[in-house]
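First comes the structure, then the notes that go with it.
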Amino acid sequence: MPEGDTVWLAGHNLRQALAGDELVRTDFRVPRYATTDLSGRRTLDVVARGKHLLWRFERDLTLHTHFMMDGSWHLYRHGQRWRSPGFEARVVLETEKWQAVGFRIPVLDLMPTEREDDVVGHLGPDLLGDDWDPEEATARLEARTEMAIGEALLDQTVMAGVGNVYRCELCFLRGLDPWTPVSEVADHRGVVDLAKRLLEVNRYSARHVTTGVDLPGRTHWVYGRKDEPCRRCGTPIRKADQSSYGSERIVYWCPSCQASQERKGGP
Ligand SMILES: [Zn+2]
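Here is the structure:
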């Protein structure tokens with residue numbers, strides 16, 4: 118599932134390739150927009166807000182997409198073979214030079230640009246946004262006193278951009294049992310700053326490296342490593358369900374490095 122840096126990179130690449138250029142052909146493969154034709158419109162900007170992508174066109178129009186589980190935008194030169202099957206394409210937007218294809222995108226809306234706040238206004242500070250505000254993110258995190266830290270990190274109204282990989286890795290790196298209530302976390306600003314750093318260092322890459330080692334099988338401390346030995350202490354990594362945030366439930370942690378004195382709930 119996408120993390121905020123994945124969406125940021127998609128937006129960055131689309132903006133680099135398409136901003137300023139006119140669309141010459143558009144093909145919406147969703148019933149609602151089957152007859153929509155945006156050809157002749159120029160792309161002004163493509164902006165990521167957390168895991169939402171806002172594709173802004175001239176004359177007050179925004180295409181809002183959200184990847185949810187495994188959606189993605191691909192960029193192709195004309196005639197280049199698609200890397201995903203055609204039936205999974207939801208929208209194709211073409212300029213003279215490029216073809217942008219949105220695959221498996223469950224959320225796709227056209228809206229007036231001035232109404233973008235309807236879909237992203239609820240989000241907390243954007244970890245990769247130009248207007249990133251660590252104080253505000255810290256205050257929002259601190260306010261979730263009763264919430265487990267593992268859940269609060271997925272709460273996009275606290276800060277926007279942390280997905281399941283980073284929330285698991287953040288808890289490990291801060292030595293926090295994911296079920297620790299936010300009120301018992303010692304250094305909230307430290308958590309926020311580390312989230313920012315992790316997304317920042319990975320934003321030009323398709324991978325989410327948290328160990329500093331960009332080699333197959335070595336990129337994560339705990340995520341996806343059930344029963345494998347902890348890289349620090351050798352204890353087998355555990356895996357359990359946590360959170361109500363859609364499908365991002367599975368949490369991985371080291372019961373030794375992330376020990377809790379008195380765990381409330383959880384396995
Ligand atoms: Zn450990």
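My numbering applies: residue 118 is where the sequence shown begins, and numbers increase by one.
For every residue, glycine included, the Cβ atom is placed at its ideal position computed from N, Cα and C.
Being a predicted model, the structure only gives us computed values, none of them experimental.
Whole-angstrom C-beta distance between V275 and A254, which should lie under 8 Å | 7 Å
Assuming G278 contacts G167 under a Cβ cut-off of 8 Å, what Cβ separation, rounded to an integer in Å, is found between them?
-> 5 Å
Any non-hydrogen atom of ligand 1 within 7 Å of C288 CB | Answer for C288: no, Cβ out of range of ligand 1.
Element boundaries [beta strand (DSSP E), containing D122] = Not the beta strand (DSSP E): D122 falls in the alpha helix (DSSP H), residues 121 to 135.
Which residue spans inside the segment 305 to 362 form an unbroken alpha helix (DSSP H) run of at least 4?
-> 305 to 319
What does W370 pair with, by DSSP beta-bridge criteria?
-> R355
Host beta strand (DSSP E) of L171 (start-end) | 169 to 174
Would you give the residue range spanned by the beta strand (DSSP E) that A260 belongs to?
-> Careful: A260 lies outside any beta strand (DSSP E) and carries neither H nor E.
Less than 8 Å between the CB atoms is what I'm expecting for E175 and R159, so what's the real figure, rounded?
-> 5 Å
Any chance the CB of C285 is under 7 Å from a heavy atom of ligand 1?
-> no
Three-state secondary structure (DSSP) at S300?
-> helix
Roughly how many whole angstroms lie between the Cα atoms of L227 and D234?
-> 13 Å
Could you work out which residue in H129, Q375, E120 is closest to T297 when comparing CA atoms only?
-> Q375
Pairwise C-alpha distance: V209 and T328 | 37 Å
Quiz: which residues have CB nearer than 6 Å to ligand 1 non-hydrogen atoms = C347, R349, C350, T352, C371, S373, C374
Hey, L161 and R173 are a contact pair by Cβ (cut 8 Å); roughly how many whole angstroms apart?
-> 5 Å
Would you report the Cα separation of T123 and V282, rounded to the nearest angstrom?
-> Their Cα atoms are separated by approximately 12 Å.
Top-ranked residue by Cα proximity to R198, from L290, V218, R257, V164 = V218
Where does R166 sit, in a helix, a strand or coil, going by DSSP?
-> DSSP, reduced to helix, strand and coil, places R166 within a strand of the structure shown.
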